[in-house]
Amino acid sequence: MKFLALVASLLVLAGCASGPRYDTSHPSANYDSRIQFVVVHYTSASLERSLQLLTHGDVSSHYLIGDDKSATVYKLMDENQRAWHAGESQWQGRTWLNSSSIGIEIVNPGYKDTPTGRLWYPYSEAQIESLITLLKDISKRNGISPRHIIGHSDIAPLRKLDPGPLFPWKRLAAEGLGLWPNEQAVARQQAVFDTSPLPEIGWFQAQLARLGYDTPQTGELDVATRHVLAAFQMHYRPARFDGTPDAQTAALLLVLNQTK
23 MKFLALVASL LVLAGCASGP RYDTSHPSAN YDSRIQFVVV HYTSASLERS
73 LQLLTHGDVS SHYLIGDDKS ATVYKLMDEN QRAWHAGESQ WQGRTWLNSS
123 SIGIEIVNPG YKDTPTGRLW YPYSEAQIES LITLLKDISK RNGISPRHII
173 GHSDIAPLRK LDPGPLFPWK RLAAEGLGLW PNEQAVARQQ AVFDTSPLPE
223 IGWFQAQLAR LGYDTPQTGE LDVATRHVLA AFQMHYRPAR FDGTPDAQTA
273 ALLLVLNQTK
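Mapped onto my numbering, the consecutive letters of the sequence shown carry residue numbers 23 to 282.
1) Where does Thr271 sit, in a helix, a strand or coil, going by DSSP?
2) Look at the alpha carbon of Gly198 and the alpha carbon of Arg259, and state the distance between them as a whole number of angstroms.
3) Tell me, please, whether the segment 181-195 touches the segment 81-91 by the rule of three or more beta-carbon pairs shorter than 8 Å.
4) Quick test of your reading: Gln211 and Ala273, contact by CB under 8 Å. State the CB separation rounded to the nearest angstrom.
5) Could you work out which residue in Trp225, Thr155, Ile166, Ile150 is closest to Phe189 when comparing CA atoms only?
6) Within the same chain, show all residues whose beta-carbon is closer than 6 Å to that of Trp202, passing over the 5 residues directly before and after it, in chain order.
7) Curious, which full-length alpha helix (DSSP H) runs of at least 4 residues does the segment 188-214 contain?
8) Should Leu275 go down as buried or exposed, given a rule of 16 or more other Cβ atoms within 10 Å for buried?
9) What number of angstroms, rounded off, separates the C-alpha of Ile160 from the C-alpha of Arg248?
10) Looking at the structure shown, is Lys282 part of a helix, part of a strand, or coil, going by DSSP?
11) Using the three-state DSSP reduction, which class does Tyr258 fall into: helix, strand or coil?
12) For my contact list, Phe215 and Ala261 are in at a C-beta cut-off of 8 Å; report their separation, rounded to the angstrom.
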């Protein structure tokens, strides 16, 4: 009797283990990729330390590009898994971008402060070439818009500075991997702003929000707005990113928001 009861229990468990059965003969065509954005970072650490932090620390990313001669690309997790790289973030109204993005970290010290000012560290040619190859592959597989390849400072301008002013956004855009304004159009528009009153702060805030930045709509040049302006300038005008609204910044915003 005990033997029969044991057999019956095993059969029940076997049935449970098999799980539900599905008919997969009617796949839906109504879907897109969970992945909508790619966010680029620098690590502010050595390769060894970066690997340790990204695999056993409190943060993670899908990929890490090393600073070795060949700029090795380390795949640290499957793209369908959610990495902890973006933190509190927002872009084009979407928040907490960990759930909808792929994170790429690049081994780079970031910057150091010196008596003569802040010194930023450049990326190697090998790192940029590895990044371009990786981004093209990710974008093609996931149908990611060039507008949705962004930096950590774009999605968290009050907290982050990476990938910094030496990151080659213009070069990536030339490869179809980012947004960049037509420089002739910017020059023409800047000439207009140079000879007329600068738009009010509320205009800058609205234009920044339209582009995707999480921007206060206070009509005042408050601390948060300065941070967002600086993040925008660091991306599109890295020669000067002081968070001050000016004619060139206005022209850049206007042309970018008119770019298809």
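Just so you know, even glycine gets a beta-carbon here, dropped at the ideal spot from N, CA and C.
What you are looking at is a predicted structure, and each value in this text was computed from that prediction instead of being measured.
Judging by the given coordinates:
1) Three-state result, Thr271: helix.
2) Each residue's Cα considered, the two are about 19 Å apart.
3) No, they do not touch.
4) About 4 Å separates the beta carbon of Gln211 from that of Ala273, a gap short enough to meet the 8 Å contact definition.
5) Of the listed residues, the one whose Cα sits closest to Phe189 is Ile150.
6) Answer for Trp202: Lys192, Ala195, listed in chain order.
7) Those alpha helix (DSSP H) runs which fall completely within the segment 188-214 and span 4+ residues are 191-196.
8) Classification for Leu275: buried.
9) Put simply, the backbone Cα of Ile160 is about 33 Å away from that of Arg248.
10) If DSSP states are grouped into helix, strand and coil, Lys282 belongs with coil.
11) When DSSP states are grouped into helix, strand and coil, Tyr258 belongs to the helix group.
12) Not a contact, Cβ separation roughly 18 Å.
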